[in-house]
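Asks: To start, I am sharing the structure in question, which I have written as structure tokens.
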Amino acid sequence: MKGINKAYGYCSRKKTRNCNAKLKLNKDGQIVAAYTDHCHPPPKYTQMPNGLFLKIDNGVEVIQLADNGPMVYMYQNYTFAMKGAHKEYGTCSRRTSRKCKAKFKLNEYGEIISAQTYHNHPPPKLVKTSNGRKVLLYQGYTFSQHGVSPRNRYCSKKLSMKCPASLVIDAEGNVVVFKKGHNHPPPRILRVKSGMYVTCGDTYEIIKFRNSEVILYKGYTFHKSGSNAKTRYCSKRAQQCRAKIILDDDETIVDQVSEHNHTPPSLYKSSNGSYCKV
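In this text, residue positions in the sequence shown follow our numbering: the first is 1299, and each later residue adds one.
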């Protein structure tokens, strides 16, 4: 806001993009005139736990490492803790343990105005699976949370292959203890264009079909039923088809139960990306 009585509001990109958009307020703070023709797309913001807003198209992502765990800020694949009276400073999560001096500073609009991006250590590996979950990628293996403790992570093959490997992380997601070894080779993992990670075992596709998301696997469609997200049933379950697939914590298909009693459906992909039956 500018002017003697803060009567004018100018776009935050006035200086950096020469944007001429502005508002005029009366003494009661009501908008009485507006010029809203911006020369740039609008920024995106997210509200932080302290009530302030952080601009999210500046490369900073706000994530939660575990259920009921602390909020962590990711920038260029590293985790940061927000400091300062107004949480305007981001300091590397390894500032204490590794004396890392990497940091960034935000202005009042949540934009990064300065950054020291050299780290003296490699970044932690937090990857997002196709269902939006965050899992920890460590030494080529994926780990996820089981139980109520946000610090203990277990191999994603804990249930399906009884893998004993586990680790302990600190509040910033750094591995501090690694327990036991794996009883299986690491999964093959690929990063797709959306930034998410998928495992390359039995591959499948998540598609939009009849206004819901289903798994397309070997030509057949599978959907979730009830609260168990790891078991997906054939879409012809109502017609007595008993086929189902079971997913692991890292979204890998680990088992297919029974065969289908019908031929696969004929599907057509429309221009908007959704599928319909033909």
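Glycine included, every Cβ here is placed at the ideal spot set by N, Cα and C.
(1) Within the same chain, show all residues whose beta-carbon is closer than 6 Å to that of serine 1464, passing over the 5 residues directly before and after it, in chain order.
(2) Opposite arginine 1451 in the DSSP bridges: which residues?
(3) For the segment 1375-1395 and the segment 1434-1442, state whether three or more C-beta atom pairs, one from each stretch, are separated by less than 8 Å.
(4) How would you write the range of the beta strand (DSSP E) that histidine 1521 sits in, first residue to last?
(5) Please return the same chain residues whose Cβ sits closer than 6 Å to the Cβ of serine 1556, not counting the five positions on each side in sequence.
(6) Count the other CB atoms within 10 Å of the CB of glutamate 1549; is the residue buried (16 or more) or exposed (fewer)?
(7) Starting from alanine 1332 and walking both ways along the beta strand (DSSP E), at which residues does that stretch end?
(8) Since proline 1421 and tyrosine 1371 are thought to touch, with beta carbons under 8 Å apart, how far apart are those beta carbons, to the nearest angstrom?
(9) So serine 1569 and lysine 1506 are supposed to be a Cβ contact under 8 Å. How far apart are they, rounded?
(10) Please tell me whether, using a cut-off of 7 Å, the distance from the CB of arginine 1540 to the nearest non-hydrogen atom of the ligand HEM is below it.
(11) Just confirm the distance between the C-beta atoms of tyrosine 1387 and lysine 1399, as a whole number of angstroms; I'd bet it's less than 8 Å.
(12) With a threshold of 16 other CB atoms inside 10 Å of the CB of threonine 1389, please say whether the residue is buried or exposed.
(13) Could you have a look at alanine 1536 and say whether DSSP puts it in helix, strand or coil?
(14) Please state whether DSSP places serine 1310 in a helix, a strand or coil.
(15) Roughly how many whole angstroms lie between the Cα atoms of isoleucine 1551 and isoleucine 1544?
(16) Using the DSSP secondary-structure output, state which residues sit across from tyrosine 1573 in a beta bridge.
(17) Taking just the CA atoms, how far does alanine 1379 sit from serine 1310?
(18) Please go through the same chain and pick out, in chain order, the residues whose beta-carbon is closer than 6 Å to the beta-carbon of arginine 1449, but skip the five residues on each side of it.
(19) Are the beta-carbon atoms belonging to phenylalanine 1520 and serine 1510 less than 8 Å from one another?
(20) Let me confirm a value: valine 1512 is counted as buried when at least 16 other C-beta atoms fall within 10 Å, else exposed. Which label applies?
Replies: Inspection of the coordinates gives the following:
(1) Closer than 6 Å at the Cβ level, and outside the excluded window around serine 1464, lie Tyr1452 and Lys1477.
(2) Within the DSSP bridge table, the entry for arginine 1451 names Gln1443 and Leu1465 as partners.
(3) Taking 8 Å as the limit for Cβ pairs, the verdict is that the segment 1434-1442 does not touch the segment 1375-1395.
(4) Annotation: the continuous beta strand (DSSP E) that includes histidine 1521 extends over 1518-1522.
(5) Counting only Cβ-Cβ distances below 6 Å, and skipping sequence neighbours, we find Arg1540 and Ala1541.
(6) Looking at its Cβ environment, which holds 16 or more other Cβ atoms inside 10 Å, glutamate 1549 is buried.
(7) For alanine 1332, the uninterrupted beta strand (DSSP E) segment begins and ends at 1329-1333.
(8) Proline 1421 to tyrosine 1371, Cβ: 13 Å. No contact.
(9) Wrong, their Cβ atoms sit about 13 Å apart, outside the cutoff.
(10) In the structure shown, the ligand HEM is absent, as is every other ligand, since no ligand is present at all.
(11) So it is not a contact: roughly 12 Å between Cβ atoms.
(12) It is buried - the Cβ of threonine 1389 has at least 16 other Cβ atoms within 10 Å.
(13) Helix, per DSSP.
(14) Of the three classes helix, strand and coil, the one that applies to serine 1310 here is coil, per DSSP.
(15) Each residue's Cα considered, the two are about 6 Å apart.
(16) In the DSSP output, where bridge partners are listed per residue, tyrosine 1573 has Phe1507 and Lys1567.
(17) Going by C-alpha positions, serine 1310 is about 25 Å away from alanine 1379.
(18) Here the set comprises Val1466 and Ile1467.
(19) No, the pair does not count as a contact, with Cβ atoms beyond the cut-off.
(20) With 16 or more Cβ atoms within 10 Å of its Cβ, valine 1512 is classed as buried.
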